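Visitor: Take any residue in the sequence shown, note its place counting from 1, add 1, and you have its number in the working numbering. For glycine and all other residues, C-beta sits at the position ideal for the given N, C-alpha and C. Computed from a prediction, not measured in an experiment: that's the story for all the values here. Attaching a single structure in structure tokens format; questions to follow.
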Amino acid sequence: MSVDSNRLDTLLKENRRFAPPEAFRAQANFNDPGIYERAAADPEAYWAEQAGNLSWFTPWDKVLEWNPPHAKWFVGGKLNAAYNAVDRHRQGPRKNKAAIIWEGEPGDSKVYTYDMLGREVDKAAHMLKSLGVKKGDRVTVYLPMIPELPITLLACAKIGAIHSVVFGGFAANSLRDRILDADSRILITADAGWRRGSLVPLKKNADEAVEGTSVDTIVVVPRVGEKAGVQLVEGRDHDWNALMAQQPATPFEAEPMDAEDILFLLYTSGTTGKPKGIVHTTGGYLVGANTSLRSVFDIKDEDVYFCTADIGWVTGHTYIVYGPLSAGATVVMYEGAPDFPDRDRFWDIVEKYGVTIFYTAPTSIRTFMKWGPQYVEKHNLSTLRLLGTVGEPINPEAWMWFHVHVGKEQCPIVDTWWQTETGCAMIAPLPGITETKPGSATRPVPGILVDVVDEQGNSVEPGNGGYLVIKKPWPSMLRTVWGDDERFRNTYFGKFEGIYLPGDGAHLDEDNYIWILGRIDDVINVSGHRIGTMEVESALVAHPSVAEAAVIGRSHDVKGQAITAFVTVKEGIEANDALVAELKQHVATAIGAMARPEEIIFTAELPKTRSAKIMRRLLRDIAEGRVLGDTTTLADPSVVEQLKTLYKD
Ligand code: ATP
Ligand code: MG
2 MSVDSNRLDT LLKENRRFAP PEAFRAQANF NDPGIYERAA ADPEAYWAEQ AGNLSWFTPW
62 DKVLEWNPPH AKWFVGGKLN AAYNAVDRHR QGPRKNKAAI IWEGEPGDSK VYTYDMLGRE
122 VDKAAHMLKS LGVKKGDRVT VYLPMIPELP ITLLACAKIG AIHSVVFGGF AANSLRDRIL
182 DADSRILITA DAGWRRGSLV PLKKNADEAV EGTSVDTIVV VPRVGEKAGV QLVEGRDHDW
242 NALMAQQPAT PFEAEPMDAE DILFLLYTSG TTGKPKGIVH TTGGYLVGAN TSLRSVFDIK
302 DEDVYFCTAD IGWVTGHTYI VYGPLSAGAT VVMYEGAPDF PDRDRFWDIV EKYGVTIFYT
362 APTSIRTFMK WGPQYVEKHN LSTLRLLGTV GEPINPEAWM WFHVHVGKEQ CPIVDTWWQT
422 ETGCAMIAPL PGITETKPGS ATRPVPGILV DVVDEQGNSV EPGNGGYLVI KKPWPSMLRT
482 VWGDDERFRN TYFGKFEGIY LPGDGAHLDE DNYIWILGRI DDVINVSGHR IGTMEVESAL
542 VAHPSVAEAA VIGRSHDVKG QAITAFVTVK EGIEANDALV AELKQHVATA IGAMARPEEI
602 IFTAELPKTR SAKIMRRLLR DIAEGRVLGD TTTLADPSVV EQLKTLYKD
């Protein structure tokens, strides 16, 4: 990996600046710039202060115990995540406030107040207990985005069982791998789910997946009903509704969990290889999730908060379930596709429920750009006050599009860099304090010590690139990789002693702002010039014809590596040889001749993981004619087949 990847001309030419609007600053939860210094001076004191926003059954004796690479936070403290997310709000003025506003893809909807949600969670906890689930057991959850999903997670948390959510888009094999790895004996699923008006056969996949595993109990939520045509296996399968109807209406006593007891396992997206079972514990994770809702998302009681992620990913865990609910917020949860029945579905939801905070992924924004602004313009989005992005580096042009067309130039944007492993946002603006620059996640949030270092682990000077690292432990950090502490040590702490290595490259600019360059492995070396894939992609996306681009380095006899760009064009644009020449020249002008792509390949789709991240690793394999590595996390395997034929032509 390059440590002098200082060729960020396109990104660094990005000199637009956006200060927080005065009205936003004045009302923000965090608006004293001194918070950064105070937190840096004593991070443990800062986190202890934030932890005071949760309800603890027993206070902690010690904030942090750090035996690198193993951290324990809030040692001796006892709490329960479901109690914090639901029960405590039932005892005060939020009792009858909307906790979850849910909308199904076919258009059905339900609202759960905190009190109603609490009663469902209690019933579900009674149900799980009646099925023999105990503290520490792993419960695998394979559900669509329906209310039973957060209800199941909270019921597990209430008992102290460890949930392991497997995204509903995964096929039987991927589900089986995760069941085996977590060693679960119970699976919660649905008969089927809705996606673009078609059925996703969850129960059918589940039947296939559990063969040869230790699962002996399956609970099936009847989301679709008769149409799904599923059979319940006598003695193994149970109907969710039938079981729920048998449960007592009495409160379920929340298990007092040690702060370091495991709350959940979650497998990473698998962008770079085989997914890892990331372990998160109760106290630290919840402190991180809750704090970032108040700091980065400026959550208020009046807000209607809509995060478009699926709960099958960490973004949904932290920013649909544990973060907003522990903060007593109103959360919008949507079941289906953004283009069903039409391409304005998200904007329809924003208008209908008066969404104030909207959090989505750069890949979605690039799709909206490809479709054109007319779908946004059909709706009144004037309730929006804050926007956020996560998942990949955001190209400055996508940032600007989001800012202009969705935020109407009124809403701060928080570009949040984080990972399954970090539990919550690590690098992100505080929207009432931090001036933003399109394409930069700006600076670490208070209490997080991020740096950019060279090969030896020395901090780089501003104006240089290197390895992104986190130098001190933080409450919501992963504790280990499930069943593989060795992999945990090697992957994250193997390069620099006692320092966390996320695996991303970054550039530090003259104002100490951080620009994520992408995965360390994705940096390209052309004739000795180090070029970030992100840099070339952003130059391409800035061209008016381009919707999306993925850039890789292919081995080349003369240059070492040559740049190959896979490009999707906007609707109505003709992809021809003239455009190839124009795009090559465009990149050369924007960055320099050494970044001129050797080849440009037009494709209707890019290979993405099911969490919608571009899999450059696969593109490299295709370009270099290798046998493809792990493709189980691909959203649409046919994309790879199409690309292979394109490449041969
Ligand atoms: P695996 O670790 O199995 O390869 P993954 O890294 O894709 O999968 P996630 O934890 O879902 O799994 O993704 C985290 C990664 O997403 C980060 O390491 C980073 O590369 C990217 N990322 C997330 N948010 C941002 C952001 N705001 N800016 C730039 N990159 C981001
Ligand atoms: Mg990762």
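Compute every distance between the C-beta of residue 393 and the non-hydrogen atoms of the ligand MG, then say whether any falls below 8 Å.
Guide: Not under cutoff, so the answer is no.
Visitor: Less than 8 Å between C-beta atoms, sequence neighbours within five positions excluded: which residues of the same chain meet that for residue 33?
Guide: Closer than 8 Å at Cβ, skipping near neighbours: 434.
Visitor: Alpha carbon to alpha carbon, how far is residue 164 from residue 258? Give it in angstroms, no decimals.
Guide: Their Cα atoms are separated by approximately 14 Å.
Visitor: Nearest to residue 628 by alpha carbon, out of 636, 634, 619, 635?
Guide: The option with the nearest alpha carbon to residue 628 is 619.
Visitor: List the residues that DSSP assigns as beta-bridge partners of residue 445.
Guide: 428, per the DSSP bridge assignment.
Visitor: Would you say the beta carbon of residue 519 comes nearer than 8 Å to a heavy atom of the ligand ATP?
Guide: Yes; taking the cut-off as 8 Å, the Cβ of residue 519 has a heavy atom of the ligand ATP nearer than that.
Visitor: Quick check: the Cα distance between residue 46 and residue 40, rounded to an integer number of angstroms?
Guide: Rounded to whole angstroms, residue 46 to residue 40 spans 8 Å at the Cα level.
Visitor: Using a Cβ-based criterion (distance less than 8 Å to any ligand heavy atom), does residue 175 qualify as near the ligand MG?
Guide: It does not: the Cβ of residue 175 is nowhere closer than 8 Å to a heavy atom of the ligand MG.
Visitor: With distance defined between alpha-carbon atoms, name the residue in 509, 528, 534, 526 nearest to residue 520.
Guide: Checking every option, the nearest Cα to that of residue 520 belongs to 534.
Visitor: Specify whether the segment 153 to 170 and the segment 62 to 71 touch according to this definition: at least 3 beta carbon pairs, one from each stretch, less than 8 Å apart.
Guide: At 8 Å Cβ cutoff, the stretches do not touch.
Visitor: Quick one: residues in its chain with C-beta nearer than 8 Å to the C-beta of residue 485, no 5 flanking neighbours on either side, listed in chain order?
Guide: Closer than 8 Å at the Cβ level, and outside the excluded window around residue 485, lie 277, 278.
Visitor: So residue 585 is in the alpha helix (DSSP H); what residue range does that whole segment cover?
Guide: Unbroken alpha helix (DSSP H) run through residue 585: 578 to 591.
Visitor: Any chance the segment 602 to 621 sits against the segment 634 to 641, with 3 or more Cβ pairs inside 8 Å?
Guide: Contact holds: three or more Cβ-Cβ distances are below 8 Å.
Visitor: For residue 463, I'd like the list of residues in its chain whose CB is within less than 7 Å of its CB, leaving aside the five on either flank, ordered along the chain.
Guide: The answer, listed in chain order, is 509, 510, 511, 513.
Visitor: Residue 527 bridges to which residues according to DSSP?
Guide: Per DSSP, 530, 561.
Visitor: Looking at the strands, I want to know which residues DSSP matches up with residue 334.
Guide: In the DSSP output, where bridge partners are listed per residue, residue 334 has 103.
Visitor: With respect to the beta strand (DSSP E) encompassing residue 631, which residues constitute its N-terminal and C-terminal limits?
Guide: No beta strand (DSSP E) contains residue 631, which DSSP labels as neither H nor E.
Visitor: Rounded to a whole number of angstroms, what is the C-alpha to C-alpha distance between residue 641 and residue 583?
Guide: If I take the Cα positions, the gap works out to 26 Å.
Visitor: Taking just the CA atoms, how far does residue 353 sit from residue 662?
Guide: Outside the shown range of the chain (2 to 650) lies residue 662, about which nothing can therefore be said.
Visitor: Just the C-alpha distance for residue 4 and residue 422, rounded to the nearest angstrom, thanks.
Guide: Because residue 4 sits at a pLDDT of 33, beneath the cut-off of 50, its placement in the model cannot be relied upon, and the point is left open.
Visitor: Give me whichever residues DSSP pairs with residue 660 in a beta bridge.
Guide: Because the chain here runs from 2 to 650, residue 660 falls outside it and cannot be looked at.
Visitor: Check whether the segment 278 to 290 and the segment 316 to 332 touch, using three or more Cβ-Cβ pairs below 8 Å as the test.
Guide: Yes, they touch.
Visitor: Quick one: give me the first and last residue of the alpha helix (DSSP H) that residue 352 is part of.
Guide: 346 to 354 is the span of the alpha helix (DSSP H), which, as asked, contains residue 352.
Visitor: Give the straight-line distance between the Cα atoms of residue 251 and residue 121, rounded to the nearest whole angstrom.
Guide: If you take the alpha carbons of residue 251 and residue 121, they lie about 11 Å apart.
Visitor: May I ask you to list the residues that DSSP assigns as paired with residue 1?
Guide: Examination of residue 1 is not possible in this model, given that the chain is present from 2 through 650 alone.
Visitor: In whole angstroms, what separates the C-alpha of residue 6 from that of residue 617?
Guide: Residue placement at residue 6 cannot be trusted, given a pLDDT of 37 that sits under 50; what the coordinates show is reported in the next sentence. Roughly 19 Å separates the two Cα atoms.
Visitor: At a cut-off of 8 Å, would you count residue 542 as near the ligand ATP, judging by its Cβ distance to the nearest heavy atom?
Guide: No, the ligand ATP has no heavy atom inside 8 Å of this Cβ.
Visitor: Leaving aside the five residues before and after residue 454 along the sequence, list all residues of the same chain whose C-beta is less than 6 Å from its C-beta, in chain order.
Guide: Taken in chain order, the residues that qualify are 460, 467, 468, 470.
Visitor: Does the distance from the CB of residue 298 to the CB of residue 324 come in under 9 Å?
Guide: Cβ distance < 9 Å, so residue 298 and residue 324 count as in contact.
Visitor: If you follow the beta strand (DSSP E) that residue 282 is part of, which residue opens it and which one closes it?
Guide: Unbroken beta strand (DSSP E) run through residue 282: 278 to 282.
Visitor: Reducing DSSP to helix, strand and coil, say where residue 521 ends up.
Guide: Helix.
Visitor: Rank 162, 227, 399, 369 by C-alpha distance to the C-alpha of residue 192 and give the top, closest one.
Guide: When only C-alpha atoms are compared, the closest one is 227.
Visitor: Please identify the residue among 219, 149, 305, 270 whose C-alpha is closest to the C-alpha of residue 205.
Guide: For residue 205, the nearest C-alpha among the options comes from 219.
Visitor: Would you kindly check if the distance between the Cβ of residue 588 and the Cβ of residue 596 is under 9 Å?
Guide: Taking 9 Å as the Cβ cut-off, residue 596 and residue 588 qualify as a contacting pair.
Visitor: Taking only heavy atoms of the ligand MG into account, decide whether any of them is closer than 8 Å to the Cβ of residue 477.
Guide: Incorrect: residue 477 has no Cβ contact closer than 8 Å to the ligand MG.
Visitor: May I ask you to report which of helix, strand or coil DSSP gives residue 410?
Guide: In the structure shown, residue 410 sits in coil (DSSP, three-state: anything other than H, G, I, E or B).
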